[in-house]
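Colleague: Mind having a look at this structure? Questions to follow.
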Amino acid sequence: MENIKADIAIIGGGSAGLVAASGAAQLGQKVVLFESGEMGGDCLNYGCVPSKSLIAAARAAQSARTAGPLGLDIAPPRVGWSRVKAHVRGVIEAIAPIDSQERFESLGVRVVRERARFADARTIVSETLRVRARLMVIATGARAGAPPIPGLSEVPYLTNETIFFIDALPTHLIILGAGAIGLELGQAFVRLGSKVTLIEAGTLFAGKDDEAAKVLRAKLNAEG
């Protein structure tokens, strides 16, 4: 196993880890970044980028439906799900070089594509490398957890890691949770032609703003 010293050791190559690595490297610090999965983390691969790309396609479809008052007669949009997926994938691929291992290595960051763990308060180890660093950054993020619903584990279900690249547009999509992510996915899929049911045990929009929640509920109901 190789042993090295660094100024900063970072676990996680998602948004937070990459920002820390880029900033530190450009300030002349010796940086080691550990990432065992895809560079860019959730934001690039399963979150911000694919969701906003899907929303853009859904917004275009809705604009076609509602163009009548502007004097435009546009036939109901025909959604080609395979092409929508290609659009989403294309946006991810266009942004991926910015978050790539090659770019960060060009900044002077040592990128280690292995799982890492603490050996002690100042030492991080992976399969092939042992790093003793002055500062540590833990940027491992999180992932969606399956709720404790009886029988859920016995049926196939989707998460943010799988929803954007399913084989076919769902006929009926049930979304558990009406926070920001559930709401945006629900609206996008109904605009693309799915029937959507949102289920929320608490309050719409996670109780962030009751007045905004009323407007959102009315808008979502009006769109189906």
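Residue numbering for the sequence shown follows our numbering, starting at 1 and increasing by one per position. Just so it is clear, CB atoms sit at the ideal spot from N, CA and C, and this is done for glycine as well.
1) Does the beta-carbon distance from L54 to A188 come in below 9 angstroms?
2) Determine the contact status of T128 and E114, defining contact as a CB-CB distance below 9 angstroms.
3) At what residue ranges does the segment 67-150 contain a whole run of the alpha helix (DSSP H), taking only runs of 4 or more?
4) Whole alpha helix (DSSP H) runs in the segment 157-188 with 4 or more residues, listed along the chain?
5) R110 to Y157, Cα distance in whole Å?
6) When the distance is taken between beta carbons, is A133 closer than 9 angstroms to D7?
7) Report back the beta-carbon spacing between E35 and G12 to the nearest angstrom; my notes put them in contact at under 8 angstroms.
8) Which of the three DSSP states, helix, strand or coil, is assigned to A64?
9) Pairs of beta-carbons, one from the segment 21-34 and one from the segment 54-66, closer than 8 angstroms: are there three or more?
10) For R191, is the classification buried or exposed, using 16 other Cβ atoms within 10 angstroms of its Cβ as the cut-off for buried?
11) Going by DSSP, what residue range makes up the alpha helix (DSSP H) through A21?
12) Using a Cβ-Cβ cut-off of 8 angstroms (strictly less than) and excluding sequence neighbours within five positions of E184, which residues of its own chain qualify?
13) Closest to G145 by CA distance: which of V155, E154, T159 is it?
14) Measure the CB-CB distance between A297 and L135 and report whether it falls below 9 angstroms.
15) Please classify V32: does DSSP put it in a helix, a strand, or coil?
Modeller: Looking at the coordinates:
1) Result yes, Cβ atoms of L54 and A188 sit closer than 9 angstroms.
2) yes
3) 81-95, 101-106
4) none
5) 37 angstroms
6) yes
7) That belief holds up - the Cβ atoms of E35 and G12 are roughly 6 angstroms apart, short of 8 angstroms.
8) helix
9) In this structure the segment 21-34 does not touch the segment 54-66; the number of beta carbon pairs closer than 8 angstroms is below three.
10) buried
11) 15-26
12) S51, I55
13) T159
14) Because the chain is modelled from 1 through 224, residue 297 falls outside the range shown and cannot be assessed.
15) strand
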